[in-house]
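One structure is given below, encoded as C-alpha cells.
Residue numbers (my numbering): 3 to 92.
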C-alpha cells in the first residue's frame with residue numbers, strides 16, 4: 003500500500019495479547035491458582051479478565067464479573083479448550 007506521496011505505509015504489528023482479546027482464556031498463577039474468563043486486555047501492568055470470571059484456589063472457588071491480575075504473577079496463559087479425559091488402561 004502506498005500513500006499519495008509515494009511512501010510505503012507501515013503495517014501495524016499486532017501485539018500477541020491483542021489476539022487474545024475477547025476470547026476465553028485460562029491463566030495459571032505462580033502459586034497454582036487457576037483463573038478462567040474472557041480476556042479484555044492489558045492495562046498498566048495488569049491483565050484484565052471479565053464476563054463471569056472463575057478463580058479456583060486450593061480450597062475455594064470464586065465467581066466474579068471482573069478480575070485484574072498483575073502480569074508478574076502469571077505462570078502461563080492459554081485459550082480455553084475442550085477437556086477430554088484420558089482413557090484408563092486396565
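Even for Gly, the Cβ is constructed at its ideal location relative to N, Cα and C.
Rounded separation between residue i and residue j - CA only
i: residue 64; j: residue 54; result: 10 angstroms
i: residue 68; j: residue 43; result: 12 angstroms
Outcome for residue i when other beta-carbon atoms lying within 10 angstroms are tallied against a minimum of 16
i: residue 49; result: buried
i: residue 32; result: exposed
i: residue 86; result: exposed
i: residue 57; result: buried
i: residue 51; result: buried
i: residue 41; result: buried
Beta-carbon separation (whole angstroms), residue i vs residue j, contact threshold 8 angstroms
i: residue 23; j: residue 82; result: Contact doesn't hold; Cβ gap of about 14 angstroms is too wide.
Residue interval of the alpha helix (DSSP H) (run including residue i)
i: residue 85; result: No alpha helix (DSSP H) holds residue 85; DSSP gives it neither H nor E.
Boundaries of the beta strand (DSSP E) in which residue i is found, first to last residue
i: residue 20; result: That residue, residue 20, is in no beta strand (DSSP E); its alpha helix (DSSP H) goes 18 to 22.
i: residue 43; result: 36 to 45
i: residue 75; result: Per DSSP, residue 75 belongs to no beta strand (DSSP E) and is neither H nor E.
i: residue 30; result: 26 to 31
Proximity of residue i and residue j at Cβ, strictly below 8 angstroms
i: residue 72; j: residue 28; result: no
i: residue 90; j: residue 30; result: no
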